[in-house]
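Engineer: With the numbering used here applied, the sequence shown has no gaps in its numbers, which climb one by one up to 430 at the end.
Dumping the structure here so I can ask a few things about it.
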Amino acid sequence: MEEDGKFLIQGFGGRRIIDGEIRVNGAKNDALPGLAAALLFRDGLRLSNVPALKDIDGMLELLSGLGVGWSRAKPREYQLVTTKLSAAKLKPEIAKRLRGSMLLTAPLLARLGEATFPHPGGCVIGARPIDIFLEGFQAMGVKLHKGEKIYRLRVPSGRLRGARIFLKNVSVTATEAFLLAGALAHGETVIENAALEPEVTHLAQFLRRAGLRVRGIGTTRLSVVGAKSLSGLDLNYRVIPDRIETGSFLILGALAAKRLVVRGVVPEHNRAVVEMLRRAGARLEVGRDSIVVQAPSAGQSYLPLEVKTHEFPGFPTDLQAPLTVLLTQAVGESTVFETIFEGRLLHLHTLREMGANVVVHDPHRATVVGPTPLRGRHVYSPDLRAGLAYILAAVVAEGESVVHNAHYVERGYERVAERLQTLGVKIVKE
Ligand code: EPU
């Protein structure tokens, strides 16, 4: 079994002990497109509020391999120099583990007219095809050669051309990739059925600040008119707060807090999770840039939920696994309908081993009947979000748990053990 670090957690056995404050970091899924956007500029770009995560290190290593220079001016602040791109090939050993690497292909095609990369991996949460990217790029004038393990894309005319691209599935990174490709394409690129996630909106706003004509921001029809060349010298890409980290902490608070203040958030980005937790009986107060959460008052139980994951502004798939831990504590039957990925209910089998009453009907649907006390165990994270769910389950459980494969959790949650310790959670990383 794969192993790279583990978390040792002493459970509270359902007691509400957490009392404190936690600050949310910059969003991984906003920093990744920001790093890719740097490649568009003929000179360079500054990024700030970048979280210290393994996926970010991986992306920086990919950028170095392309000839990008970078330095860290201060913690969380990077200066990228993109004057000399020397290669159009993504290091396969990194790219195949990092789904976000697909974001680099678009600016490479735009700047160098070529991109070579392996099928990108990432967390094991489903098939994760790249057909939408390939079809969209082809509509923009790209020729595709697919080898056994590698894709080679080329722009025979030398410059991408704007196209009208309808996404057959709403895809976050594909929307971002076409915005990036369109930024240097000839003419207008129109993306229909575009994703509405805050990270997409932020990227679109950033491109507008870079001087491009971007329309339809905040709608499902986004368009961008490309420029011949762009300068990033006067720009700063400030990564937005991580809404998934926010939601994860709110769920932790709903499960185990007397009072938890989650700071540095954009409440508008967290409407779905706040609504869901209120329905479950938790108490939440939404401020301007903070949210206070408390578990239901003494004597009140959690109510069951109907959870259906959805593209933004619906309930995010990335919070589905953490939320199921709360469902194990609700009185009655909850249903889970994971609509985005087909490999994201695997954690439920592990929750069952910890004592949950779960029936998984098919790769998308499950029923959770509660309340059931959870027991500490040795568990193995299959992916980042499930790993966080196991930490939450271990906090709620009676006794000690060991969450193996800490490296998965650390792809998306920075120094999670240290930060949870400050709230009174008994967790150490080994
Ligand atoms: N899809 C296709 N073809 C494609 C691309 C996507 O059929 O070419 C399908 C997927 O199979 C899926 C649906 O479209 O069923 C939506 O997937 P999407 O492309 O939106 O996912 P993604 O862009 O690869 C991003 C986040 C994920 C998050 C999803 C959904 C980044 C780097 N990753 O992935 O984050 O789960 O959107 O919101 O932004 C995570 O952080 O743990 C994580 C997995």
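For each residue, glycine too, the CB sits at the ideal point set by N, CA and C.
#1: From the DSSP secondary-structure annotation, give me the bridge partner or partners of Asn357.
#2: How big is the Cα-Cα spacing for His364 and Glu176?
#3: Taking the alpha carbon of Val170 as the point to measure from, which residue in Pro129, Gly182 and Gln138 has its own alpha carbon closest?
#4: If you follow the alpha helix (DSSP H) that Tyr302 is in, where does it begin and where does it stop?
#5: Where does Leu144 land, buried or exposed, given buried means 16+ other C-beta within 10 angstroms?
#6: To the nearest angstrom, how far is the alpha carbon of Arg97 from that of Lys54?
#7: Going by the C-beta, is Leu32 closer than 8 Å to any heavy atom of the ligand EPU?
#8: For the alpha helix (DSSP H) holding Pro118, just list the boundary residues, first then last.
#9: For Ser381, I'd like the list of residues in its chain whose CB is within less than 8 Å of its CB, leaving aside the five on either flank, ordered along the chain.
#10: My parser needs the alpha helix (DSSP H) runs of 4 or more residues fully inside the segment 152-232; what are they?
#11: What do you reckon, are the CB atoms on Glu353 and Val379 nearer than 9 Å?
#12: To the nearest whole angstrom, what separates the beta carbons of Phe341 and Thr317, a pair I think is in contact under 8 Å?
#13: Using the Cα positions of Pro322 and Ser157, report the straight-line distance between them to the nearest angstrom.
#14: Quick check on this structure: which residue in Ala254, Val286, Val265 and Leu112 has the alpha carbon closest to the alpha carbon of Ala393?
#15: Run the CB neighbour count on Pro198, radius 10 Å, all protein chains shown included, and call it buried at 16 or more, exposed below.
#16: Under the rule that 16 or more other beta-carbon atoms within 10 Å means buried, what is Pro75, buried or exposed?
#17: Identify whether Leu45 lies in helix, strand or coil by the three-state DSSP scheme.
#18: Return the residue from the list Lys168, Ala181, Ile56 and Glu61 that minimises the CA-CA distance to Ala115.
#19: Indicate whether Asn49 and Arg238 have their beta-carbon atoms separated by less than 9 Å.
#20: By a C-beta neighbour count over all protein chains shown, 10 Å radius and 16 as the cutoff for buried, is Glu418 buried or exposed?
#21: Under the three-state reduction of DSSP, which class applies to Asn270: helix, strand or coil?
#22: Please determine, among Arg243, Arg164, Leu303 and Leu103, the residue with the shortest C-alpha to C-alpha distance to Leu222.
#23: Count the other CB atoms, across all protein chains shown, that sit within 10 Å of the CB of Gln320; report buried if there are 16 or more and exposed otherwise.
#24: Keeping to the same chain, check which residues put their C-beta closer than 6 Å to that of Pro92; ignore five residues upstream and five downstream.
#25: Among Glu268, Gly216, Ile191 and Val359, whose alpha-carbon lies nearest the alpha-carbon of Ile291?
#26: Residues bridged to Leu8 by DSSP?
#27: Report the three-state DSSP secondary structure of Gly257 (helix, strand or coil).
#28: Looking at C-beta atoms only, is the number of pairs between the segment 206-223 and the segment 355-363 that lie closer than 8 Å three or more?
#29: What do you reckon, is the C-beta of Met318 under 8 Å from a heavy atom of the ligand EPU?
#30: Among the residues of its own chain, which have a CB less than 7 Å from the CB of His310, if the five just before and after it don't count?
#31: Can we count Phe341 as close to the ligand EPU, meaning its CB is less than 8 Å from some heavy atom?
#32: By the 10 Å Cβ neighbour count, where 16 or more other Cβ atoms means buried, how is Thr422 classified, buried or exposed?
#33: Mapping the DSSP letters down to three states, classify Tyr408 as helix, strand or coil.
#34: First and last residue of the beta strand (DSSP E) that includes Asn236?
#35: Would you call the CB atoms of Leu203 and Ala227 closer than 9 Å?
#36: When every heavy atom of the ligand EPU is checked, does at least one fall within less than 8 Å of the C-beta of Ser171?
Structural biologist: Here's the rundown:
#1: In the DSSP output, where bridge partners are listed per residue, Asn357 has Val369.
#2: One Cα belongs to His364, the other to Glu176, and the distance between them is close to 26 Å.
#3: Minimum Cα distance to Val170 is reached at Pro129.
#4: It is not in any alpha helix (DSSP H) - Tyr302 carries neither H nor E in the DSSP assignment.
#5: When all chains shown are included, Leu144 counts as exposed.
#6: Going from the Cα of Arg97 to the Cα of Lys54 covers about 11 Å.
#7: Checking the Cβ of Leu32 against the ligand EPU gives yes.
#8: Per DSSP, Pro118 belongs to no alpha helix (DSSP H); it is in the beta strand (DSSP E), Glu114 to Pro118.
#9: Within its own chain, the residues whose Cβ lies closer than 8 Å to the Cβ of Ser381, once the five positions on either side in sequence are excluded, are Gly387, Tyr390, Val403, His404, Asn405, Ala406, Tyr408 and Val409, listed in chain order.
#10: Fully enclosed alpha helix (DSSP H) runs of 4 or longer: 172-183 and 198-209.
#11: It is a contact, given that the beta carbons lie within the stated cut-off.
#12: Between Thr317 and Phe341 the Cβ distance is about 6 Å, and since that is below 8 Å, they are a contact.
#13: Whole-angstrom Cα-Cα distance: 48 Å.
#14: Scanning Ala254, Val286, Val265 and Leu112 for the CA closest to the CA of Ala393 turns up Ala254.
#15: By the neighbour-count rule (16 or more Cβ atoms within 10 Å), Pro198 is buried.
#16: Per the 10 Å Cβ criterion, exposed.
#17: Three-state DSSP puts Leu45 in a strand.
#18: Comparing Cα positions, the closest option is Ala181.
#19: Cβ distance < 9 Å, so Asn49 and Arg238 count as in contact.
#20: Exposed: under 16 other Cβ atoms inside 10 Å.
#21: Asn270 falls in the helix class under three-state DSSP.
#22: Proximity to Leu222 across Arg243, Arg164, Leu303 and Leu103 peaks at Arg164, based on C-alpha coordinates.
#23: Result: buried.
#24: Around Pro92: Pro118.
#25: Taking only the C-alpha atoms, the option nearest Ile291 is Glu268.
#26: The bridge partners DSSP lists for Leu8 are Val402 and Val428.
#27: Looking at the sequence shown, residue 257 is not Gly but Ala. Ala257 sits in a strand when the DSSP states are folded into three classes.
#28: Flag = no, the segment 206-223 and the segment 355-363 do not touch.
#29: Residue identity check: residue 318 is Asp in the sequence provided, not Met. Checking the Cβ of Asp318 against the ligand EPU gives yes.
#30: So the qualifying residues of the chain are Thr339.
#31: The answer is yes for Phe341.
#32: Residue environment for Thr422: exposed (fewer than 16 other C-beta atoms within 10 angstroms of its C-beta).
#33: Residue state, collapsed to three classes: helix.
#34: It spans Asn236 to Arg238 - the beta strand (DSSP E) in which Asn236 sits, taken as one unbroken run.
#35: Leu203 places its beta carbon 9 Å or farther from that of Ala227.
#36: Yes.
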